[in-house]
């Protein structure tokens, strides 16, 4: 295969763009996709204080590399989830990435700062580990980004993450979630930090390739708690469709964003109030994170 | 040739394989879900392979 741009030897095929790229022109291509996404959705500008949710995986580290390369100053925020060696290795990889590039990485530790680890929360609640993890990440990253004075919380969700989440929300007709599935969620007076997803035009395979081609050492092993994860299964199915119909994942997601999401915008018009325990925005008296924390503490006391 | 797979990490031996695309077919893997790495470099599905090669089929799907 030859590179679409220079006719040199290709290192990757991107079938939905009907293109093959050499290393240099694939990296250029990814930079353009991300810059275009930031501009098209007016995500942020050069004067905003940006913080990126960092996990040590390919997406967040690739995005940190991309944003820094194209000229943004971005700090990292890592949440230690207490998932044994997996969390330790992910933290080490994130710290190494930041140290090698002179970037600032802030670390929040769920067990020591909030009193529980994800496996304990999953065992104590009726949530799956991925659900307890996702809730904890959304809560803590938002709270820390707000309290540390950042303007924008940047997340590494890629095209596959968003397409699989959309697929899941359509299968369950979760209209409230469909109303909130956008590449930019605005800040609110009640404590929600502006949240953006600049990788939504980049497929998961492409962020992994970008990381490999740039020598980024990322956590390759899957989280030990994610075995059988529903979203990962949907990704596998969508990839089988993509093999038959290149571009179907992007059409699904961007068709929804351009023509579908407007029909669900009312569903997210819920009034937010302050959690009676922590003060963070919620729709009920006690936010979901505080409820998770309470049930986990209660279970730990019983043991 | 040797093929390294992950999650869980394991190794399989394949014979009479001409191209990377044949490895996907033999193992019933979806190309969109993997990168193929040989000697630290990405290779495309049309690349020829030999019995001496070691290929890593690196999965790209991960939880958010």
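Residue numbers (our numbering), protein chains in the order written: chain X, 1 to 303; chain L, 304 to 367.
We put the beta carbon where it would ideally sit given N, CA and C, even for glycine.
Just so we're clear, the structure is a prediction, and the values are computed from it rather than from any experiment.
Excluding its 5 nearest sequence neighbours in each direction, residue 195 of chain X has C-beta neighbours in its own chain below 7 Å: 153, 155 and 185, listed in chain order. Annotated as distal: residue 130 of chain X and residue 277 of chain X, with beta-carbon spacing of 8 Å or more. Here DSSP, grouped into helix, strand and coil, assigns residue 127 of chain X to coil.
For a Cβ distance threshold of 9 Å, residue set 236, 239, 240, 242 and 243 of chain X lies close to residue 333 of chain L, ordered along the chain.
Note on residue 58 of chain X: 16 or more other CB atoms within 10 angstroms of its CB, so buried under the neighbour-count rule. Residue pairing from DSSP leaves residue 151 of chain X without any beta-bridge partner.
In summary, residue 227 of chain X is exposed, with fewer than 16 beta-carbon neighbours lying within 10 Å of its beta-carbon over all protein chains present. Neighbours of residue 33 of chain X in chain L, taken as residues whose beta carbon is under 7 Å from its own, are absent, since the nearest beta carbon is some 17 Å off. Judged by beta-carbon spacing, residue 317 of chain L lies within the 8 Å limit of residue 329 of chain L, meaning their Cβ atoms are closer than that value. For the pair residue 110 of chain X and residue 76 of chain X, the CB atoms are not nearer than the 8 Å cut-off. The beta carbon of residue 314 of chain L lies closer than 8 Å to those of 305, 306, 307 and 308 in the same chain, with the five residues before and after it left out. Separation of the CB atoms of residue 183 of chain X and residue 200 of chain X is rounded to 5 Å, and the pair is thereby assigned contact status at 8 Å. Interface annotation for the segment 48 to 76 of chain X against chain L: 57, 58 and 59, criterion Cβ-Cβ distance under 8 Å. Contact between residue 26 of chain X and residue 209 of chain X holds: CB atoms are separated by about 7 Å, below the 8 Å threshold. For residue 184 of chain X, not one C-beta of chain L is nearer than 8 Å to its own C-beta. Between residue 49 of chain X and residue 151 of chain X the beta-carbon gap is near 5 Å, inside 8 Å, which marks them as a contact.
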